[in-house]
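Counting in numbering that gives the first Met the number 0, the sequence shown runs from 0 upward without gaps.
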Amino acid sequence: MPTKKELSFAEAFAELEKLTEWFETEEVDLDDGLTKFERGLELAQICKKKLAEVENKVTTLKKKFEE
0 MPTKKELSFA EAFAELEKLT EWFETEEVDL DDGLTKFERG LELAQICKKK
50 LAEVENKVTT LKKKFEE
């Protein structure tokens, strides 16, 4: 089994946007919807984690240059 490549913020966000568009269609299959909803939660978690990392980095940089 190939190793999972970690998605960048941009990749995760783009995939999340595609899932959102899919849910906006009129013909949504319940089983597919549940699978896609689960994937959407995973992608949202990836984005949240990456945003937190950037926020921590910005805070660290600000403190460094305030000294």
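Positions of the beta carbon are idealized from the N, C-alpha and C atoms, including for glycine.
Residue i, buried or exposed, once every other Cβ within 10 Å from all chains shown has been counted against 16
i, result
"A11", "buried"
Spatial neighbours of residue i in its chain, beta-carbon cut-off 6 Å, leaving aside the 5 residues before and after
i, result
"E14", "L42"
Contact under 7 Å by Cβ, residue i with residue j
i, j, result
"F8", "C46", "yes"
"G39", "L18", "yes"
Min CB distance residue i to chain D below 7 Å
i, result
"F22", "Among the protein chains of the structure shown there is no chain D, as only one such chain exists."
Contact set for residue i: own chain, Cβ-Cβ below 8 Å, skip 5 residues either direction
i, result
"V27", "W21"
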